[in-house]
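Student:
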Amino acid sequence: MATGRPDLCVTTKVEVDEDAFNKITKIWIPTTHDGTQLWSHPANIDNYILGLGKDPKQSLRLSISSGSGGANEQLLIPPEVANSNAIVFWVDCKTKHDHVSDDKVDYTKWKKNVYGERREDKSQDWKDTQAVRNG
1 MATGRPDLCV TTKVEVDEDA FNKITKIWIP TTHDGTQLWS HPANIDNYIL GLGKDPKQSL
61 RLSISSGSGG ANEQLLIPPE VANSNAIVFW VDCKTKHDHV SDDKVDYTKW KKNVYGERRE
121 DKSQDWKDTQ AVRNG
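Per UniProt numbering: the sequence shown ends with 135, consecutive numbering throughout.
#1: For the putative contact between LEU50 and LYS26, defined by C-beta atoms under 8 Å, what is the C-beta separation to the nearest angstrom?
#2: Classify ILE49 as helix, strand or coil using the three-state DSSP reduction.
#3: Is SER59 closer than 9 Å to PRO78 when the C-beta atoms are compared?
#4: Could you check whether LYS23 and ALA86 sit closer than 9 Å to each other, using their CB atoms as the reference points?
#5: How about GLU15 and VAL91: are their beta carbons less than 9 Å apart?
#6: By the three-class DSSP mapping on this structure, what secondary structure does GLU15 have?
#7: Tell me the DSSP bridge mates of ASN72?
#8: Could you tell me which residues DSSP pairs with ASP106 in its beta bridges?
#9: With distances taken between CB atoms, is the gap from LEU76 to VAL105 smaller than 9 Å?
#10: What whole-angstrom Cβ distance do TRP28 and GLY116 have, given they're in contact under 8 Å?
#11: Taking 6 Å as the limit between beta carbons, can you name the residues of its chain near SER65, skipping five residues before and five after?
#12: In terms of DSSP beta bridges, what is VAL114 paired with?
#13: Pull up the distance between the alpha-carbon of THR11 and that of ASP103, whole angstroms please.
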């Protein structure tokens, strides 16, 4: 929970214990799988994860969001993981006068307990997903 003066916090870095992180299941979520739309359909995403033999409530979800600014990797942490003792996160929040390292997360370096395939989906399925999101 944020404390202090959030208006002064301009740069935030989230860190985690590497050993604990390596033990957590991480799954790349494509826009579609076998013709089934996954994005924007939580039940379909859960079924996809179950199909990989993993627990949706205990699996971090990875995806690539393509937008006007290019591709951005995303990480979704289910509440059950965030609220458990399996992994502990800490946040380093700096003011404009301080400096937080600009290290970027390289998702391709994550090798332990990673399932699915990392891909930027520029197919018609992705366009359909964007249409669903944009109503």
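Ideal placement from N, C-alpha and C gives every residue a C-beta, glycine not left out. Keep in mind that this is a model prediction, so the values were computed, not measured.
Tutor: Judging by the given coordinates:
#1: Between LYS26 and LEU50 the Cβ distance is about 16 Å, and since that is not below 8 Å, they are no contact.
#2: helix
#3: yes
#4: yes
#5: yes
#6: strand
#7: SER65
#8: Partner(s): none; ASP106 has no beta bridge.
#9: no
#10: 3 Å
#11: ASN72 and GLN74
#12: LYS26
#13: 12 Å
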